[in-house]
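Here is the structure we will look at.
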Amino acid sequence: MTTPDLRAETDGSGRAQRPLLEAKGLYKSYGEVDAVSGVDFALDGNSYVTLLGPSGCGKTSILRMIGGFEEITSGALTLDGARLDEIPAARRPINTVFQSYALFPHLSVLDNVAFGLSYRGIPRSRIRPTALEALKTVRMEAMADRRPRQLSGGQQQRVALARAIVNEPRLLLLDEPLSALDRRMRKDMQIELKDLQRRLGMTFLHVTHDQEEAFALSDRIIVMRNGRIEQQGRPDHIYARPNTAYVADFIGGAVCVPGEVVDRQAVDVILDTALGRFQIPGAPPLTAGMAAVLCLRPENLSLASDGLPARVTHCVYRGSDWIVECESAGQLLQATALDTPPPPGSDVKLSFDPARAWAAAAEQGVSA
1 MTTPDLRAET
11 DGSGRAQRPL
21 LEAKGLYKSY
31 GEVDAVSGVD
41 FALDGNSYVT
51 LLGPSGCGKT
61 SILRMIGGFE
71 EITSGALTLD
81 GARLDEIPAA
91 RRPINTVFQS
101 YALFPHLSVL
111 DNVAFGLSYR
121 GIPRSRIRPT
131 ALEALKTVRM
141 EAMADRRPRQ
151 LSGGQQQRVA
161 LARAIVNEPR
171 LLLLDEPLSA
181 LDRRMRKDMQ
191 IELKDLQRRL
201 GMTFLHVTHD
211 QEEAFALSDR
221 IIVMRNGRIE
231 QQGRPDHIYA
241 RPNTAYVADF
251 IGGAVCVPGE
261 VVDRQAVDVI
271 LDTALGRFQI
281 PGAPPLTAGM
291 AAVLCLRPEN
301 LSLASDGLPA
311 RVTHCVYRGS
321 DWIVECESAG
331 QLLQATALDT
341 PPPPGSDVKL
351 SFDPARAWAA
361 AAEQGVSA
């Protein structure tokens, strides 16, 4: 069972302000299949939030319910305190940037951006300058007269963003917006997206399966699995303090060594594993007798003169450092080395700081 994480802003005097968007008990079913199974979350104003998870976890269904492209099966979605299901999709102060960009090929860049303004009752004399201003915001005003086919993928992405923000929505939805770009262009667009969100002071809700992308962009991440929220919070907290083995593995690929909690001592647990018994910080729900995992990331483990006996099985050079895969007590571990490590087959010792390790629940659905 997940615990709702409904944060609220304050107005500077300590008084809580209402979140921009809230989801409570949100369900979406397609026949007998539950795509979204009773999730609770909230989005603050002027924030960048990412729904992160593998294909089929329900993240796009949530986005489509917010945008009005799918009906809510049950539960509630509110924007600025108003029920969204009572507002037609065309009248919601929400715009969406689609994975395919959905630009009109027969219209110029400027006309693509201006297309929706006439439906808002904007005077004709203001449509062109308003659209040009939106293009300036995404640094595309010099290409206003081009057609979409004359643009690169990154340039088309900027035009799609300009078309979305020109209507000044309260919330901007981004559905896998960078998936069609190459790695270099994705990196560049990540920087531009976050910069754009900060400059506009708008709330962005971004859907992706890419952990690196989520960490680069987000003030807050909502990790999903099988239609439910596995964990939500700041990127640094989720990375360092995963609630479950699933989150530890999905976020950053931690090695999860199975074990059992022997005792709980304030923030620490005593954990028995094949590698030994350790006193380490652990997820709050863990208590004596529960199955848990020892989460170790490569940056937490290093080659040392004393520690866990291990044998090198594989080495990968990453430019700035090495990833050294080792076997210890039947467990495959990964350590980071700055210098050239011993070759495969070598006997080594592995060391880690228990204060930087973490115990997470072994089973899905135990979260704080």
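Using the UniProt record's numbering, read the sequence shown as starting at 1 and increasing by one per residue. Glycine is no exception: its CB is placed at the ideal position from the N, C-alpha and C atoms.
{"Check": "Three-state secondary structure assigned by DSSP to Leu205", "Outcome": "strand"}
{"Check": "Ala8 versus Asp306 - alpha carbon distance", "Outcome": "Unreliable positioning characterises Ala8 in this predicted model, as indicated by a pLDDT of 42, which lies under 50. A coordinate reading is not provided."}
{"Check": "Neighbour-count burial assignment, Pro19, 16 or more Cβ in a 10 Å radius", "Outcome": "buried"}
{"Check": "Pro309 - partner residues in DSSP beta bridges", "Outcome": "Lys349"}
{"Check": "Cβ-based burial, Gln17 [other Cβ within 10 Å; buried from 16]", "Outcome": "exposed"}
{"Check": "Of the residues Leu151, Cys326, Phe98, the one placed nearest Ser108, counting alpha carbons only", "Outcome": "Leu151"}
{"Check": "Cβ separation of Thr60 and Asp175, assumed to be a contact under 8 Å, to the nearest whole Å", "Outcome": "6 Å"}
{"Check": "Between the CA atoms of Leu286 and Ser346 - distance to the nearest angstrom", "Outcome": "37 Å"}
{"Check": "Span separating the alpha-carbon of Ile270 from that of Leu294", "Outcome": "11 Å"}
{"Check": "Range covered by the alpha helix (DSSP H) that runs through Arg234", "Outcome": "That residue, Arg234, is in no alpha helix (DSSP H); it is neither H nor E in DSSP."}
{"Check": "Contact check, Gly67 vs Leu173, beta carbons under 8 Å", "Outcome": "yes"}
{"Check": "Start-to-end residues for the alpha helix (DSSP H) that takes in Val247", "Outcome": "245-250"}
{"Check": "Contact set for Pro129: own chain, Cβ-Cβ below 6 Å, skip 5 residues either direction", "Outcome": "none"}
{"Check": "The segment 234-248 touching the segment 75-94, judged by at least three CB pairs closer than 8 Å", "Outcome": "no"}
{"Check": "Short Cβ contact (8 Å threshold) for Leu275 with Ala329", "Outcome": "yes"}
{"Check": "Residues sharing a beta bridge with Leu171, DSSP", "Outcome": "Ile94, Thr203"}
{"Check": "Three-state secondary structure assigned by DSSP to Ala214", "Outcome": "helix"}
{"Check": "Buried versus exposed, by CB contacts within 10 Å (16 or more), Ser367", "Outcome": "Residue placement at Ser367 is flagged as unreliable, the pLDDT there being 38, under the threshold of 50; the coordinate-derived value follows with that caveat. The residue in question, Ser367, is buried, as its Cβ has 16 or more Cβ neighbours within 10 Å."}
{"Check": "Cβ-based neighbour list, Met189, same chain, cut-off 7 Å, excluding 5 preceding and 5 following", "Outcome": "Gly154, Gln157, Leu178, Leu181"}
{"Check": "Rounded Cβ spacing between Leu196 and Thr50 (contact assumed at less than 8 Å)", "Outcome": "Their Cβ separation, rounded to whole angstroms, is 15 Å, which puts Leu196 and Thr50 out of contact at 8 Å."}
{"Check": "Backbone secondary structure at Leu161 - three-state DSSP", "Outcome": "helix"}
{"Check": "Cβ-based neighbour list, Thr273, same chain, cut-off 6 Å, excluding 5 preceding and 5 following", "Outcome": "Val257, Gly259, Leu294"}
{"Check": "Buried or exposed by the 16-neighbour rule on C-beta atoms within 10 Å, applied to Val262", "Outcome": "exposed"}
{"Check": "Candidates Ser29, Leu193, Val33, Asn46: closest to Thr203 by CA position", "Outcome": "Asn46"}
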